[in-house]
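A.B. asks: Residue numbers (UniProt numbering): 1 to 580.
Heads up, the beta-carbon is just placed ideally off N, CA and C, and yes, glycines get one too.
Bear in mind the structure is a predicted one, so any value in this text is a computation, not a measurement.
One structure is given below, represented as structure tokens, and several questions about it will come after.
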């Protein structure tokens with residue numbers, strides 16, 4: 001049929017030239033459309049990731065240039081080999097890897113399975129043992145050939161002291177096979193200086209304990225690990241020693257306790273590395289205990305002033321970008337490396353960066369991509385010191401310490417903006433308490449603002465208090481504003497009004513650890529609603545449209561797609577007309 005089709009006619013030289021010209025125009029226009037969002041302003045300099053090593057608190061390459069690792073996790077290689085009879089979750093070819101390059105990613109974290117690598121507790125197969133090692137080795141070498149550093153992560157270790165197949169996360173690596181795993185991995189990549197070793201994904205001896213002395217002893221030495229760990233664990237010192245016994249000089253990074261979120265005693269319990277090629281690792285999500293600047297300053301700063309810190313996982317689970325934007329800004333300001341979770345096609349609340357393996361970002365992933373593109377173009381990613389304490393949710397800046405916990409209401413009649421407002425019943429000793437870590441700063445912020453609705457009755461008497469958090473967990477009221485005074489009237493019934501508390505007259509250099517709304521006396525008052533609680537900065541740039549969270553494709557994206565489809569439909573129709 002194809003031959004008969006082509007025998008139906010032939011093109012004149014004039015028509016051939018015309019059609020060829022149309023195709024050339026199509027290719028040129030597609031190139032313009034496809035790359036219009038990747039223009040480089042000024043010279044784009046790409047630094048090599050070969051020869052990575054630690055100097056003080058910095059990671060440098062073989063030329064002595066400071067390198068900032070920024071990228072993503074690529075999960076699947078820790079679980080597919082024991083759960084799905086394959087090695088990778090999704091494609092692993094070079095075309096797929098080049099999509100990461102298009103995002104300006106320069107580091108990828110690859111989580112591994114101890115038993116799949118060592119070939120223990122299951123039969124050799126096309127996805128287990130030698131085949132797994134071969135595929136992973138090729139995959140990592142492919143990634144580094146694109147000038148992308150790789151962080152190899154021991155994600156799943158064998159349970160039962162190494163006697164049970166690694167099929168889940170356990171509190172600590174085992175002392176039997178985990179050191180053997182790292183000796184094998186270190187020998188395999190001893191000559192690849194773009195590879196770093198993340199010795200254990202998320203240690204959690206003593207469960208969710210943030211600052212346990214025994215947890216840190218267990219973490220480093222594998223001793224005093226409590227009753228919940230029934231096997232002999234390997235401490236971080238044993239794993240560091242295993243890597244160095246091979247002669248490997250690859251950088252090793254160590255995750256803290258409490259699922260890699262706590263570095264409280266890292267400096268006290270840091271293992272000995274004979275060649276001092278070591279850094280710390282943290283996982284930072286919007287749902288963690290430590291998730292805002294004041295906490296990061298308290299617990300991370302002492303470490304990153306001495307050692308490199310790599311946020312080997314970061315992200316947020318609500319398909320938004322507010323947390324990731326704040327955390328990446330903090331990292332950029334303080335030389336913290338970061339890799340978002342994850343480069344995997346999954347719902348954005350996974351959290352997942354992409355909707356397909358062509359690199360199309362989720363709403364959350366779009367925040368990372370914009371950030372990396374801005375840096376690659378030598379531009380400052382968007383950031384503002386203005387932040388919301390509440391905006392459809394209690395944000396990562398605050399903890400809701402309200403008495404009896406203020407509830408969310410999504411009744412359309414009592415929401416000023418978005419889907420949710422706060423329902424608050426200001427009875428005696430009932431406070432709406434939004435606590436933070438020194439987040440209100442008079443040098444930076446000019447006002448506290450929010451919306452209030454008096455509900456069916458109105459007339460409630462409330463004070464807005466600025467607080468200082470004491471060491472014993474209590475609060476001291478530092479400043480008090482009467483809402484009646486701020487509004488110039490009583491809180492009206494069934495109507496939204498905006499409250500603004502001016503901070504300009506307060507002492508400069510002062511920080512406050514949150515706000516209270518509370519009744520000034522013990523009289524009964526009816527419920528009310530509060531919405532959009534914002535701390536407004538003096539310097540308050542508007543957020544560009546492209547940085548705003550979107551639940552669907554932007555109009556410009558849709559226009560580009562429609563233009564592409566229309567253009568190529570026209571080309572096809574014209575070609576068909578000229579051919580036939």
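Apply the 10 Å Cβ neighbour rule to residue 545 and answer buried if 16 or more other Cβ atoms are within range, or exposed otherwise.
C.D. replies: The residue labelled residue 545 in the question sits at position 545 within the chain shown. By the 10 Å Cβ count, residue 545 comes out exposed.
A.B. asks: Could you tell me whether the Cβ atoms of residue 453 and residue 528 are closer together than 8 Å?
C.D. replies: Along the chain shown, read from residue 1 onward, the residue named residue 453 stands at position 453. Along the chain shown, read from residue 1 onward, the residue named residue 528 stands at position 528. Against a cut-off of 8 Å, the Cβ pair of residue 528 and residue 453 comes out as a contact.
A.B. asks: Which of helix, strand or coil does DSSP assign to residue 371?
C.D. replies: Position 371 of the chain shown, counted from the start, is the residue given in the question as residue 371. The answer is helix: DSSP assigns residue 371 an H, G or I state.
A.B. asks: Could you give the first and the last residue of the continuous alpha helix (DSSP H) run that contains residue 257?
C.D. replies: Along the chain shown, one-based indexing puts residue 257 at 257. From DSSP, the alpha helix (DSSP H) with residue 257 extends over 257 to 260.
A.B. asks: Three-state secondary structure (DSSP) at residue 438?
C.D. replies: As a first step, residue 438 is located in the chain shown; it is residue number 438 there, counting from the start. The answer is strand: DSSP assigns residue 438 an E or B state.
A.B. asks: For residue 203, count neighbouring C-beta atoms within 10 Å of its own C-beta (all shown protein chains included) and say buried if the count is 16 or more, exposed if not.
C.D. replies: As a first step, residue 203 must be located in the chain shown, where it is residue number 203. Result: buried.
A.B. asks: I'd like to confirm the pairing. Which residues does DSSP put opposite residue 233 in its beta bridges?
C.D. replies: As a position in the chain shown, residue 233 is number 233, starting the count at 1. 174, per the DSSP bridge assignment.
A.B. asks: Quick one, are the C-beta atoms of residue 304 and residue 261 less than 8 Å apart?
C.D. replies: Indexing the chain shown from 1 puts residue 304 at position 304. Indexing the chain shown from 1 puts residue 261 at position 261. Against a cut-off of 8 Å, the Cβ pair of residue 261 and residue 304 comes out as no contact.
A.B. asks: In whole angstroms, what separates the C-alpha of residue 581 from that of residue 416?
C.D. replies: In this structure the chain extends from 1 to 580, so residue 581 is not present and cannot be described.
A.B. asks: Given that a residue counts as buried once 16 or more other Cβ atoms are within 10 Å of its Cβ, and exposed if not, what is residue 324?
C.D. replies: In the chain shown, the residue the question calls residue 324 occupies position 324. So residue 324 counts as buried.
A.B. asks: Which residues in the same chain as residue 188 place their Cβ atom closer than 8 Å to its Cβ, once the five residues preceding and following it in sequence are excluded?
C.D. replies: Position 188 of the chain shown holds residue 188. Cβ neighbours of residue 188 beyond the five flanking positions: 133 and 137.
A.B. asks: Locate the beta strand (DSSP E) running through residue 153, then write down its first and last residues.
C.D. replies: Stepping through the chain shown from its first residue, residue 153 is reached at position 153. That run of the beta strand (DSSP E) goes 149 to 156.
A.B. asks: Report the CB separation of residue 69 from residue 146 in whole angstroms; it is logged as a contact under 8 Å.
C.D. replies: Residue 69 sits at position 69 when you count from the first residue of the chain shown. Residue 146 sits at position 146 when you count from the first residue of the chain shown. With 8 Å as the limit, residue 69 and residue 146 do not qualify as a contact, their Cβ atoms being about 14 Å apart.
A.B. asks: Please state whether DSSP places residue 100 in a helix, a strand or coil.
C.D. replies: Within the chain shown, numbered from 1, the residue matching residue 100 stands at position 100. Of the three classes helix, strand and coil, the one that applies to residue 100 here is helix, per DSSP.
A.B. asks: Taking the Cβ atom as the reference point for each residue, do residue 179 and residue 205 lie within a distance shorter than 8 Å?
C.D. replies: For the purposes of this step, residue 179 is taken as residue 179 along the chain shown, with counting starting at 1. For the purposes of this step, residue 205 is taken as residue 205 along the chain shown, with counting starting at 1. It is not a contact, given that the beta carbons lie outside the stated cut-off.
A.B. asks: Taking only three categories from DSSP, how would you classify residue 489?
C.D. replies: One-based indexing of the chain shown puts residue 489 at position 489. In this structure, residue 489 counts as coil in the three-state DSSP scheme.
A.B. asks: From the DSSP secondary-structure annotation, give me the bridge partner or partners of residue 516.
C.D. replies: Here the question's residue 516 lines up with position 516 in the chain shown. Its beta-bridge partners are 433 and 465.
A.B. asks: Does the region 79 to 86 come into contact with the region 45 to 57, if we say contact requires no fewer than three beta-carbon pairs (one atom in each stretch) closer than 8 Å?
C.D. replies: No: the two stretches stay apart, fewer than three of their Cβ pairs being nearer than 8 Å.
A.B. asks: Taking DSSP as the reference, what is the three-state secondary structure of residue 525?
C.D. replies: Taking the chain shown and counting its residues from 1, one reaches residue 525 at position 525. Correct three-state label for residue 525: coil.
A.B. asks: Would a C-beta distance cut-off of 8 Å place residue 240 and residue 223 closer than the cut-off?
C.D. replies: Within the chain shown, the letter at position 240 stands for residue 240. Within the chain shown, the letter at position 223 stands for residue 223. No.
A.B. asks: Of all Cβ atoms in chain C, is any one closer than 8 Å to the Cβ of residue 419?
C.D. replies: The displayed structure is made up of one protein chain only, and chain C is not part of it.
A.B. asks: Using DSSP with H/G/I as helix, E/B as strand and the rest coil, what is residue 478?
C.D. replies: To locate residue 478, count along the chain shown from 1; it is residue 478. Here residue 478 sits in strand by DSSP.
A.B. asks: Alpha carbon to alpha carbon, how far is residue 504 from residue 560? Give it in angstroms, no decimals.
C.D. replies: In the chain shown, the residue the question calls residue 560 occupies position 560. In the chain shown, the residue the question calls residue 504 occupies position 504. Caution applies to residue 560, whose pLDDT of 36 falls short of 50 and renders its modelled position unreliable; the value that the coordinates give is listed next. About 46 Å.
A.B. asks: Return the chain-ordered list of same chain residues with a C-beta closer than 7 Å to the C-beta of residue 60, the five sequence neighbours on each side being excluded.
C.D. replies: For this step, residue 60 is matched to residue 60 along the chain shown. Here the set comprises 53, 66 and 67.
A.B. asks: Can you have a look at residue 268 and say buried or exposed, based on whether 16 or more other CB atoms are within 10 angstroms of its CB?
C.D. replies: On the chain shown, position 268 is the one that residue 268 refers to. Its Cβ having fewer than 16 others within 10 Å, residue 268 is exposed.
A.B. asks: Name the two residues that bound the continuous beta strand (DSSP E) containing residue 314.
C.D. replies: If you number the chain shown from 1, residue 314 lands on position 314. Its beta strand (DSSP E) spans residues 309 to 315.
A.B. asks: Quick test of your reading: residue 483 and residue 513, contact by CB under 8 Å. State the CB separation rounded to the nearest angstrom.
C.D. replies: Here residue 483 refers to the residue found at position 483 of the chain shown. Here residue 513 refers to the residue found at position 513 of the chain shown. 21 Å between Cβ atoms; not a contact.
A.B. asks: In the DSSP assignment, the alpha helix (DSSP H) including residue 122 goes from what residue to what residue?
C.D. replies: Here residue 122 refers to the residue found at position 122 when the chain shown is read from its first residue. Counting along the chain, residue 122 falls outside any alpha helix (DSSP H), and DSSP gives it neither H nor E.
A.B. asks: Kindly confirm or deny that the region 393 to 400 and the region 432 to 445 touch, where touching means at least three C-beta pairs closer than 8 Å.
C.D. replies: Flag = yes, the region 393 to 400 and the region 432 to 445 touch.
A.B. asks: Please name the residue or residues paired with residue 511 in a DSSP beta bridge.
C.D. replies: Here residue 511 corresponds to residue number 511 of the chain shown, with the count starting at 1. 441.
A.B. asks: Skipping 5 residues on each side, what residues in its chain have a beta carbon closer than 7 Å to that of residue 131?
C.D. replies: As a working note, residue 131 is residue 131 in the chain shown. 125.
A.B. asks: On the three-pair Cβ rule with 8 Å, is the region 466 to 480 touching the region 315 to 331?
C.D. replies: Contact between the region 466 to 480 and the region 315 to 331 is absent, because fewer than three Cβ pairs lie under 8 Å.
A.B. asks: Using a Cβ-Cβ cutoff of less than 6 Å, which residues in the same chain neighbour residue 216 once the five nearest sequence positions on both sides are dropped?
C.D. replies: Against the chain shown, residue 216 aligns to sequence position 216. 265 and 269.
A.B. asks: Given a cut-off of 8 Å, decide if residue 422 and residue 459 are closer than it, judged by their beta-carbon atoms.
C.D. replies: Walking along the chain shown from the start, residue 459 turns up at place 459. Walking along the chain shown from the start, residue 422 turns up at place 422. No, these two residues do not count as a Cβ contact at 8 Å.
A.B. asks: Determine the direct distance from the alpha carbon of residue 345 to that of residue 272, and round the result to whole angstroms.
C.D. replies: In the chain shown, residue 272 corresponds to position 272, counting from 1. In the chain shown, residue 345 corresponds to position 345, counting from 1. Near 39 Å, if we compare the C-alpha coordinates of residue 345 and residue 272.
A.B. asks: In its own chain, which residues sit with a C-beta less than 6 Å from the C-beta of residue 201, not counting the 5 before and 5 after it?
C.D. replies: In the chain shown, the residue the question calls residue 201 occupies position 201. Hits under 6 Å: 153 and 155.
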